[in-house]
Structure formats: C-alpha cells, structure tokens
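Adding 965 to a residue's 1-based position in the sequence shown gives its number in the working numbering.
Structure first, then comments.
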Amino acid sequence: MHKHYEIVLCGGSGCVSSKSQLIKQKFEEILARENLSDFVKVYMTGCFGMCEKGPVVVVYPDQTFYAKVKITDVEEIVESHIKKGLIVDRICHHEFDEKLQKMVYKNLHEMKFHSAQKRLALRNCGVIDPDEIDEYIGRDGYFALEKALRMEPKEIIQLITDSGLRGRGGGGFPTGLKWQLAERFRGGQSYVICNADEGDPGAFMDRSILEGDSHAVIEAMIINGYAIGANQGFVYIRAEYPLAVKRLQNAINQAYKYGLLGKNIMNSGCDFDLEIRLGAGAFVCGEETALISSIEGRRGMPRNKPPFPAEHGLWGKPTIINNVETYANIPQIILNGPEWFQKIGTERSKGTKVFALGGKINITGLIEVPMGTTLREVIYDIGGGIPNGKKFKAVQTGGPSGGCLTEEDLDTPIDYDTLIQRGSMMGSGGIIVMDEDNCMVDVAKFYLDFIVDESCGKCTPCREGTRRLYELLEKITEGKGTLETLEELKQLCYDVKDTSLCGLGQTAPNPILSTFNKFYDEYVEHVVDKKCRAGVCKSLTTLYITDKCIGCTKCVRNCPVNCITGELRKLHRIDTTKCIKCGACIQNCPVHAIIHV
966 MHKHYEIVLC GGSGCVSSKS QLIKQKFEEI LARENLSDFV KVYMTGCFGM CEKGPVVVVY
1026 PDQTFYAKVK ITDVEEIVES HIKKGLIVDR ICHHEFDEKL QKMVYKNLHE MKFHSAQKRL
1086 ALRNCGVIDP DEIDEYIGRD GYFALEKALR MEPKEIIQLI TDSGLRGRGG GGFPTGLKWQ
1146 LAERFRGGQS YVICNADEGD PGAFMDRSIL EGDSHAVIEA MIINGYAIGA NQGFVYIRAE
1206 YPLAVKRLQN AINQAYKYGL LGKNIMNSGC DFDLEIRLGA GAFVCGEETA LISSIEGRRG
1266 MPRNKPPFPA EHGLWGKPTI INNVETYANI PQIILNGPEW FQKIGTERSK GTKVFALGGK
1326 INITGLIEVP MGTTLREVIY DIGGGIPNGK KFKAVQTGGP SGGCLTEEDL DTPIDYDTLI
1386 QRGSMMGSGG IIVMDEDNCM VDVAKFYLDF IVDESCGKCT PCREGTRRLY ELLEKITEGK
1446 GTLETLEELK QLCYDVKDTS LCGLGQTAPN PILSTFNKFY DEYVEHVVDK KCRAGVCKSL
1506 TTLYITDKCI GCTKCVRNCP VNCITGELRK LHRIDTTKCI KCGACIQNCP VHAIIHV
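Okay, here's the thing in structure tokens:
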C-alpha cells in the first residue's frame, strides 16, 4: 500500500522563470514510469513567498520544503522521499537552531519566514491550483458571495465599513466609505474596477495574488458590484504580467461556466460581467483618474478632483476602484464578520499587509504580516537580516512615492499613520533594504530618474520640476554641486510637491526630502568634501589598493583598461588617471584589499 503524496511546485513568475514548469513535467514523467501517478498528485500553485529559494517544491503531507530544486534533483526526490519516505536533506530548508547551536532541517510551517506571518490576502497562494475553480470552492470560495447575495446592499457596505478595511493601493482610504459614496447613485449605470497596475520598482504583491488566487478578486468584485448596483467590472492590469493575465482570464472563464458571472447569479437577480483591460505599463495609470482615461481609450493622464470617480468616473458614471489586495480581503471579511478583521492589526490600521521584500536582505520575497509588525521583525526575523555581514543603513517603503527610514526607525510599527509620521508611507507595499554600500544621494537620484520617465507631462511642475530635480542630483553626484545647490534642491522639492496636479508629482520629491532629512551629512560630503562614502558616485571616488594585497594578479587580469600594475606576490598599484572605476578589481580581489577613498 503506497502512501499518498502531493507534490506542489511554486508557479509564481519567479519560479516559472527558473524552469519550475519543466520540473513539474519531469516529476510527472518519472512518477508515470514508476507507476506512482495514482498515489501522487503533482500541481503548480501560487507564490510561496520565498523567492530567494526558488524553484520551490513542497511535499505534502510532510510539508517538506525543497529549495533551489533542479531537474536533476527530481529522480532523487521520487526515489528517496516518495518511495522510501526519506527526505533529501541536501536540498531541504535548514535554519540555525540556537538551542542546538547548529543548522537543522525545518518544514514549511516551522520556518521563521512562514511562522511569523499571518496570511489573509495570500491564504490560498502556495495551497491551491489557481487554474482549478473547484480547489478555490473547496477553500470556502464563493461562499461569501452566496452570503452577500442574501443581504441588503447597504448591509454589505456597513459590514465593510465596520471592519475598518482601508485601501491597500497606497492611499489607505476607508473602503466602506468609498463604497458608500458610489451607492448613493444606485439606479443608473455604474462600474467596478480592480486596479492591478502596480508599477513601483520592486513591487509584485498584486501580480502574485492574481497568479495564485484570481477567484478571490473576482468574488470580491461581484460582491462590490452587487453592493453599489454595478453590473459591469474591469480588471486593469499591465501587459507585462502575462502569467497573471492568463490565470485571471482562465478564472473568469471558469466563473462564467459555473454561473458565477453573467446573468442572474445564484438565482439572486444579480447580474455582473467582468472583463480584462491591459495597460501599457505607465506608472501614472496607477492613479485612478489616469487609469479611467486609459480604459476609455484615451491617453492615461490624471484630471482634477473633485468630482471623484465614485461620483463621476468611467464614461462619466459612478465608479469604484480598489486594488487587488483590497479585494482579496473582502470575501473573508464577509464570511468571518467585521469583528474578526478588527482584532487583527492596530487601532487605525486593521488587518494584514502584503509586502514585497527586496534589496540587501538575505531572503527576498513576498510576505504578509499583521499591521503593527515592526520593521525590525520584517527585516531580521522574516527576511533573515543583511547579507555578507554588512551593516543595515536604510529601508525605502512606499516606492518612488515613499521615503527612507533609518536604524532608529526599525522598531516602528508598520501602519499607515506611523510611517507617514516618520517621513515615509505605506504605498502599495514595496520594501527595499539598503546596506552601508548604498549611497543615499544615488538612491534619491534612482527614484527621480524613474519619476521623470513616468511623468505623463500634463502639468508643468511635474513635467519640468522633476527633471530639474534630477539634474540637480546629477550635479551633486558628479561633484559639481555646492551648498547653494542643496538649498535650491530643497526649495524645488516643496514647489513641486505643492503645485503638481496628481499624486505622482505631489509625492515625487519624497525620496529626496527623506534622504535629505535622514542623511544630510552625505549630501554635504558630496558638495563640500567631494566624496561619496559608499563609493557609488564614480566622479567622487578613487580606488586604492591597500597593503592587504597579496599580489595574486587577479585584479590585473580582470581590469578592462589595464590600469593596474604590479609583480606577482608584491603590492599592486592603480593608475587613477586611467581607472574608469568599474569595480571589476574589487569584485575579483580575494582578500578585499581594494577600497574606495
């Protein structure tokens, strides 16, 4: 009698790009050859979150977490684990055990990365096959819709209001209040839109939810439509998300087939149709009025508010826009009640928040934690801290619209209000960690470069002001700035912030202002001492070989401009007049003898 297993492979974009689909095919091939297909189910699921460890394979019921699996590992997993019940230790996840003072094997739910999380929006990612509607239904899918269709629309809106759910797209506007504003216009044509156009550098929360649990968003949009009297919905998603688009369209097709979309849903008299609209990747289309313009077939440019979309939105009709993560919470709030949701999080920020962890951190990936979790817990307990023994320097939250926080902010609870008080913001949920090798002036320049490219150009303060801000930062990083340049930079930040038309321009100066406030000494170094302590700004950097040099000649052999000289086993020298500061010598030096001065 064979033991029954489930082999679950991560089907998120990260692991798919690392050939997880081919690994699945190899499992199926070997299991068929060994006559084990009847006892072992193999399927792809959504993102497990530990992107650093991909491709990921989890074997149930043992919850064995295999990391960085290769096609050549499949045969061993089948022979050892499936046939003999013995885990393949060399590719299992191991963590340091403080009691035993050594690395030990941990299964999925024992891992610090997972045990410190609370998954609501991501509850089905890594669990169900996103291409099978029956698996979603088996996890109470569409039960919330059935319950909602037996309620009065105003009851639903009140329930969402009482829960304290706030929009997860960045602004944090109360979701129930937004629905109330549109419900006032019940009786005429109105629309529901899901904003899946996340464009922050390093953000992939919405993409992962749609790849792993599209039905949760569909169910929530139907409930939203019923609550405000809308019979048409659109999911606005960027075309750069082909896997999410494919799985979402498949889920929509299945929902129509099951009678969960279309006419007279569940014999309730409720009609609701849903379509996908593809965006071309314009960051500004994350702003709701620009998004509406894009769906209407016009150039994605924001307009003045009021009137707000809840009153005058798509084609001039009342329109509700929520982002993917906001919608993913709705079905569980309907099923479990507002009191259940209120118990999670902080007084003014209820529930959980999904974050994309990136940058200088040991475990990059996707996490979901209760509001109020501190940055220290996220970076060190869940993310595993800073790699290579480097010192933590800053963390950017909120993407280009946010700001940098420092070591003194690490014990700050993450919620909408405290982050703003600290000079940053929640944003859609990107967290970029930086270490001592990051130059904060260069970080600000990176975000401004992004904003300049993404400005729609409609208003002069954003179109011209952000470009001028970037030019001033470039001047500073090239060693051409002065203290007067810093004053000009600061004043222009406030001018752009106060006079831009939409949120893109109004928040564009945030990365500059936050680094200016937290790391002013670095700006002064750039303009007075003409130095970049991190060695990032090439115009302000000189490479120097210290007496640690062992004369191995690796730097000589890897220098593209032949500016390093020295004999074997003797101290080498760099000709700074020829050096292009590419860093090849630093990367190849085995004893770290080359430094920035």
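Where a beta carbon is used, it is the ideal one built from N, C-alpha and C, also for glycine.
Between the C-alpha atoms of V1021 and D1038 there is a straight-line separation of about 12 angstroms. Relative to the Cα of L1536, the nearest Cα in the group A1549, C1497, C1554 and K1543 belongs to C1554. Here DSSP, grouped into helix, strand and coil, assigns N1475 to helix. Setting aside the 5 residues that flank it on each side, F1061 is surrounded in the same chain by M1068, each with a C-beta closer than 6 angstroms to its C-beta; the list follows chain order.
Within the model, the alpha-carbon separation for G1422 versus D1003 is close to 60 angstroms. The three-state secondary structure of H969, taken from DSSP, is coil. For D1094, the secondary structure class from DSSP, reduced to helix, strand or coil, is coil.
Judged by their CB atoms, K1270 and Y1156 are not nearer to each other than the 9 angstroms cut-off. A direct Cα-to-Cα measurement between L1239 and G1091 gives close to 26 angstroms. Cα atoms of V1398 and S1080: separation of roughly 21 angstroms, rounded to the nearest angstrom.
Assignment of I1351 by DSSP, reduced to helix, strand and coil, places it in the coil class. Secondary structure within the region 1037-1120: the alpha helix (DSSP H) runs of 4 or more consecutive residues, fully enclosed, are 1077-1080, 1098-1102 and 1108-1113 (chain order). The residues I1559, in chain order, have a CB closer than 7 angstroms to that of I1551 in the same chain once the five nearest residues on each side in sequence are set aside. Looking at the backbone, the Cα of S1258 and that of I1396 are separated by about 29 angstroms.
Beta-bridge analysis with DSSP links L1239 to G1198. In this structure, DSSP gives E1443 a state outside helix and strand, which the three-state scheme calls coil. Judged by pairs of C-beta atoms under 8 angstroms, the region 1420-1439 does not touch the region 1357-1371, as fewer than three such pairs exist.
Annotation note: the region 1399-1466 contains no uninterrupted beta strand (DSSP E) run of length 3 or greater.
Looking at the DSSP output, Y1509 sits in a beta bridge with I1560.
Closest in C-alpha terms to K1546, from the list C1517, H1557, L1508 and H1059, comes L1508. Less than 9 angstroms separates the beta-carbon of A1204 from that of G1244. T1472 and P1365 have their C-alpha atoms roughly 8 angstroms apart. A direct Cα-Cα distance of roughly 46 angstroms separates I1052 from F1199.
Taking 9 angstroms as the cut-off, the beta carbon of K1018 is found closer than this to the beta carbon of I1328. D1374 sits buried, since 16 or more C-beta atoms from the chains shown fall within 10 Å of its C-beta.
For N1288, the three-state secondary structure derived from DSSP is strand. A buried status is given to H1491, since no fewer than 16 other beta-carbon atoms sit within 10 Å of its beta-carbon. When V1556, S1479, C1524 and L974 are compared, the shortest CA-CA separation from T1541 is found for C1524. Comparing alpha carbon positions, the residue from G977, H969 and S1465 closest to K1211 is G977.
Membership of K1519 in the alpha helix (DSSP H) is indicated by the continuous run K1519 to N1523. Bridge partners of T1010 according to DSSP: C975. Straight-line measurement puts the Cα of L1457 at about 10 angstroms from the Cα of P1426.
In the DSSP assignment, T1254 falls within the alpha helix (DSSP H) that extends over E1253 to I1260. Across the structure, L1300 and D1105 are spaced so that their CA atoms are roughly 9 angstroms apart. For G1323, there is no enclosing alpha helix (DSSP H); the residue is part of the beta strand (DSSP E) that begins and ends at T1317 to G1324.
Between F1078 and M1170, the C-beta spacing is not below 9 angstroms.
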